[in-house]
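> Residue numbers are given in full-length UniProt numbering: position 264 of the sequence shown equals residue 264, and the series is strictly consecutive. Below is a structure I'd like to ask you about.
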Amino acid sequence: MARTSILMAMEDFYAVHRNYTTKLVLHIRDSSADSVQAASEAVDLLKNYNVRAIIGPQKSSEATFVANLGNKSQVPVISFTATSPTLTSGSMPYFLRATPSDTAQVNCIAALIKGYGWREVVPIYEDTDYASSDQVEQELYKLMTMQTRVYVVHMLSSIASTLFMKANELGMMSEMYAWVLTDGIANIIDSLNPSILDSMNGALGVKFYVPKSKELDDFTPRWTKRFKQDYPNDPSAQLGIFGLWGYDTIWALAQAAEKVNMVDDMFQKQQDKKPSTCFGTLGISTVGPKLIDAILHNTFRGLSGDFDLKKRQLQPSTFQIINIVGRSSQQIGFWTAKHGIIRTLDQNGSKTTNANSMPELNPVIWPGKVYVVPKGWQLPTNGNKLRVGVTSSGYPEFMKAERDPITNATIATGYAIDVFEEVLKGLPYAIPYEYVAFDFEGASYNDFVYQVHLGVRNFYSHFGSKNKVYDVAIGDITIRYNRTSYVDFTLPYTESGVAMIVQVKDDTNKNTWVFLKPLTTDLWLGSIAFFIYTGIVIWLLERRINNAELTGSFFRQLGIAIYFSFFADRERIDSILSRLVVIVWVFVLLVITSSYTANLSSILTVQQLQPTVTDVHELIREGEYVGYHNGSYVGNLLEVLGFDRTKIRAYKTSEDFAMHSLKGAKMVVLLLSYMKFPTSSYFLQSIAKVTQWLDQFTNPKALALHSPRDPL
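Okay, here's the thing in structure tokens:
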């Protein structure tokens, strides 16, 4: 492809520029895909033909050797196929790349992977040119044992062809898999054998975008005809991007050669060096620095688009995303450095349709001929399971571990287990796991957590073979400073804290005078004073208008006025002001009556409970018994507070706790999470918190789902 394009470029350029005084002369060599052979041919061209520039070679490994020779002789080396990022201009000042670096497509591939929601991908690349079919098959079997099902293929087309043929035979081109091809394969996809394309069905590809032009439309049929003439026995091929870059490279070099004065050009011998090898006999081109400078400052519109080597390599801004369907490729969208992934481009290459989400792209037919986006992972056919340490808590509502008598497998249930399993369901990848029971006989929660730190499956602790180490521990586990030095904890998912449970005393007052309890003494005295005051005010107001009811002695009149406060409707009140006073009094009396009734009902119906102990130090002074959950660190905490070790009793279950209370224990230290068992809404919040934490969790020392600061 490249040879035909280069020969046609020579003919076309000098057909247009007939008046040019400088003309390129080609000396074509074949490196036979061998780096040493490429270096040998380059030495021959430099030493025996005094070439002023070298175009090629094809592979990056060959370009490394040839570029070093170009540096020694100050001869520009221009490759339009060597894409390795290791070929930098810093150490190779005379090396130019008429193609983008492989790193140019990374952002496009990353955007594609992110858009489809894939969290992990496996890059498949070649580290040898001599990979056999059996070796490829062996590596594919290894991939089948992994849970990731998204692969980015970056290799030469020859090895990629073998890879996909084998992958298709092994059933890896099914609906469970996703394949992404880099530009090295996608750029020449139309030139591959139809049988190979059949095995690639459903794969996505990223290729450099070539803008349409009249010149390209005219050149393509001419190139196809010329290729058939040059290689009549080869299968028909289609013009690819490498052929266009080869064509434009010849135009760039021919234009630069015309600008440079070649009259005084000569090769100088290297000074002060003993020619111990053939490399030492190479001359130094006097026109090389001028020639490479002319190439760097030459920009034009070529068949491949804008050709600009100012940064010593092409800088593409647009990639085309394709989907291999049948025996051809279909365009599904584009990626630009400015707009990201979009569906279509106008003629100038600017954005016309915004596609921030993947559904905006054209539909994709995935492997297996399905339209559903692969989730990107699957339970592996082989591999280790995550060993999850569990134990039976004193409160089975939180966690209970027991052994299945038939399968001998550990079965775990409870709130902590529900949180753990829901978190796993929310992750975008599968984690196979198994529960491993921990026996608390003679052990503590410190020992339980430390099993995670050990991280060696064949370790047996001093508790015997019953307790094996594991990868994760879940349950009612506390974050403690000493534990954080060797394990990592998730976010909290239950309420933290420690509470005391003590006996209560009934403080209900059931004596004869209980009816006086609803109101305080001040309120009683205030009500009586306001009652008498209201009667006096009414008496004064009615006396001014000579009310007929107010006759007789002073005390009779005052009694009638006070009587008005309760039964004003049965007596005649003449003054308007007196009636207003009575209305205010009736409103106050209604409020007092309602409050009195409510308080009296509460006193007579609700049991008034008061704790018998409010200060832990009181129990220490009196030498009382105290209980705690077996295995927790609270036992040591109680000793630190000053409790006598003989007065501290451990319990395992809530039934044991009740027995301790009957046996004289005045206090039991208990978790708040046990006393306030989480509701369903709190359960969902717990899952959200832990899932968010796991999403950022990388490279852990160990892991333990926990309830923070609780005494376990």
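The beta carbon of each residue, even a glycine, is placed where N, CA and C say it ideally should be. From a predicted model like this one, the values you see are computed outputs, not experimental measurements.
Hey, is the segment 327-342 in contact with the segment 161-170, meaning 3+ C-beta pairs nearer than 8 Å?
As far as the Cβ criterion goes, the segment 327-342 does not touch the segment 161-170, which means the pair count is below three.
> Run through DSSP, which three-state label would Trp179 get?
Your numbering for residue 179 matches position 179 in the sequence shown. The answer is strand: DSSP assigns Trp179 an E or B state.
> For Ser285 and Ser157, I'd like the C-alpha separation in whole angstroms.
Taking the first residue of the sequence shown as 1, we reach residue 285 at position 285. Taking the first residue of the sequence shown as 1, we reach residue 157 at position 157. Straight-line Cα distance between these residues: approximately 37 Å.
> Which residues mark the beginning and the end of the alpha helix (DSSP H) in which Arg60 is found?
As a position in the sequence shown, residue 60 is number 60, starting the count at 1. Looking at the sequence itself, residue 60 is Ser, so the reference to Arg does not match. Its alpha helix (DSSP H) spans residues 60-73.
> Per DSSP, what kind of secondary structure is Gly389 in: helix, strand or coil?
Against the sequence shown, residue 389 aligns to sequence position 389. Gly389: strand per DSSP, three-state reduction.
> Please go through the same chain and pick out, in chain order, the residues whose beta-carbon is closer than 6 Å to the beta-carbon of Lys466, but skip the five residues on each side of it.
Mapped onto the sequence shown, residue 466 falls at position 466. Unreliable placement is indicated for Lys466, whose pLDDT of 44 sits below 50; the coordinate value is still reported in the next sentence. Here the set comprises Asp439.
> Do you know offhand how far Val325's Cα is from Gly205's?
Walking along the sequence shown from the start, residue 325 turns up at place 325. Walking along the sequence shown from the start, residue 205 turns up at place 205. When rounded, the distance between both Cα atoms is 11 Å.
> Out of curiosity, what's the CA-to-CA distance linking Gly70 and Glu258?
Taking the first residue of the sequence shown as position 1, residue 70 is located at position 70. Taking the first residue of the sequence shown as position 1, residue 258 is located at position 258. Their Cα atoms are separated by approximately 21 Å.
> Rounded to the nearest angstrom, what separates Gly246 and Val153 at their Cα positions?
Mapped onto the sequence shown, residue 246 falls at position 246. Mapped onto the sequence shown, residue 153 falls at position 153. Their Cα atoms are separated by approximately 25 Å.
> Identify, in the order they occur along the chain, each residue of the same chain with its Cβ nearer than 6 Å to the Cβ of Arg18, setting aside the five sequence neighbours on each side.
Locating residue 18 in the sequence shown gives position 18, counting from the first residue. Contacts found: none.
> Measuring alpha carbon to alpha carbon, tell me which of Val180, Thr344, Gly627, Ile54 ends up nearest Ala499.
Mapped onto the sequence shown, residue 499 falls at position 499. The candidate whose alpha carbon is nearest that of Ala499 is Gly627.
> For Val77, list the residues DSSP reports as bridge partners.
Locating residue 77 in the sequence shown gives position 77, counting from the first residue. Answer is Ile54, Phe95.
> Looking only at DSSP bridge pairs, what is Lys400 linked to?
Here residue 400 refers to the residue found at position 400 of the sequence shown. Paired residue(s): Thr413.
> I believe Leu303 touches Leu216 by the beta-carbon criterion, under 8 Å. Please report the beta-carbon distance rounded to the nearest angstrom.
One-based indexing of the sequence shown puts residue 303 at position 303. One-based indexing of the sequence shown puts residue 216 at position 216. Leu303 to Leu216, Cβ: 5 Å. Contact.
> Is the segment 88-100 touching the segment 72-80 in the sense that three or more CB pairs, one from each, lie closer than 8 Å?
Contact between the segment 72-80 and the segment 88-100 is present, because at least three Cβ pairs lie under 8 Å.
> Based on Cα-Cα distance, which residue from Ser527, Thr521, Ser575 lies nearest to Trp539?
In the sequence shown, the residue the question calls residue 539 occupies position 539. It is Ser575 whose Cα lies nearest to the Cα of Trp539.
> What residue range does the alpha helix (DSSP H) around Ala337 cover?
Here residue 337 refers to the residue found at position 337 of the sequence shown. Taken as a continuous stretch (DSSP letters only), Ala337 belongs to no alpha helix (DSSP H), as it is neither H nor E.
> Can you grab the Cα-Cα spacing for the pair Phe530 / Val584, in whole Å?
Residue mapping note: residue 530 aligns to position 530 of the sequence shown, counting from 1. Residue mapping note: residue 584 aligns to position 584 of the sequence shown, counting from 1. One C-alpha to the other measures close to 11 Å.
> Helix, strand or coil: how does DSSP classify Leu703 here?
The residue labelled residue 703 in the question sits at position 703 within the sequence shown. Caution is warranted here: a pLDDT of 38 is assigned to Leu703, below 50, making its placement in the model unreliable, and the coordinate value is therefore given only provisionally. Note: Leu703 maps to strand in three-state DSSP.
> Can you tell me whether DSSP reads Pro232 as helix, strand or coil?
Reading the sequence shown from its first residue, position 232 is the one you call residue 232. In this structure, Pro232 counts as coil in the three-state DSSP scheme.
> Would you say Leu282 and Ser73 are within 9 Å of each other, going by their C-beta atoms?
Looking up residue 282 in the sequence shown gives position 282. Looking up residue 73 in the sequence shown gives position 73. Yes, they are a contact pair.
> Any contact between the segment 15-35 and the segment 53-65? By contact I mean 3 or more CB pairs, one from each, below 8 Å.
Yes, they touch.
> Going by the DSSP bridge assignment, what does Asn323 pair with across the sheet?
One-based indexing of the sequence shown puts residue 323 at position 323. Asn323 pairs with Leu204, Gln330.
> Do you know how far the Cα of Arg327 is from the Cα of Leu197?
On the sequence shown, position 197 is the one that residue 197 refers to. On the sequence shown, position 327 is the one that residue 327 refers to. Their backbone Cα atoms lie some 5 Å apart in a straight line.
> Terminal residues of the continuous alpha helix (DSSP H) containing Gly246?
One-based indexing of the sequence shown puts residue 246 at position 246. Looking at the DSSP string, the run of the alpha helix (DSSP H) that includes Gly246 is 241-259.
> Less than 9 Å between the beta carbons of Val487 and Tyr433, yes or no?
Start at 1 with the first residue of the sequence shown, and residue 487 comes out as number 487. Start at 1 with the first residue of the sequence shown, and residue 433 comes out as number 433. Against a cut-off of 9 Å, the Cβ pair of Tyr433 and Val487 comes out as no contact.
> Need the endpoints of the beta strand (DSSP E) that Asp299 sits in, please.
By one-based count along the sequence shown, residue 299 stands at place 299. A small fix is needed here, since residue 299 is Thr in this sequence, not Asp. Note, Thr299: beta strand (DSSP E), 299-302.
> With distances taken from CA atoms, which of Val287, Leu638, Tyr125 is nearest Ile159?
As a position in the sequence shown, residue 159 is number 159, starting the count at 1. If we check each option's Cα against that of Ile159, Tyr125 comes out closest.
> Hey, Leu296 and Ile55: beta-carbon distance below 9 Å or not?
Here residue 296 refers to the residue found at position 296 of the sequence shown. Here residue 55 refers to the residue found at position 55 of the sequence shown. No, these two residues do not count as a Cβ contact at 9 Å.
> DSSP on Val150, reduced to helix/strand/coil?
Within the sequence shown, the letter at position 150 stands for residue 150. Strand, per DSSP.
> Using CA coordinates, which residue listed in Met8, Cys108, Ser161 is at the minimum distance from Ser132?
For the purposes of this step, residue 132 is taken as the residue at position 132 of the sequence shown. The residue with the shortest Cα to Cα distance from Ser132 is Ser161.
> How is the beta strand (DSSP E) around Tyr20 delimited, first residue to last?
The count along the sequence shown starts at 1 and reaches residue 20 at position 20. That residue, Tyr20, is in no beta strand (DSSP E); it is neither H nor E in DSSP.
> How about Ile341 and Leu112: are their beta carbons less than 9 Å apart?
The sequence position of residue 341 within the sequence shown is 341, counting from 1. The sequence position of residue 112 within the sequence shown is 112, counting from 1. In contact: Ile341 and Leu112 (Cβ atoms closer than 9 Å).
> So if DSSP puts Trp223 in a beta bridge, which residue, or which two residues, is it bridged to?
Counting from one through the sequence shown, the residue named residue 223 turns up at place 223. Answer by DSSP bridge pairing: none, since Trp223 is not bridged.
> For Asp12, which residues in the same chain have their Cβ closer than 7 Å to its Cβ, ignoring the five residues on either side in sequence?
Locating residue 12 in the sequence shown gives position 12, where the first residue counts as 1. There are no such residues.
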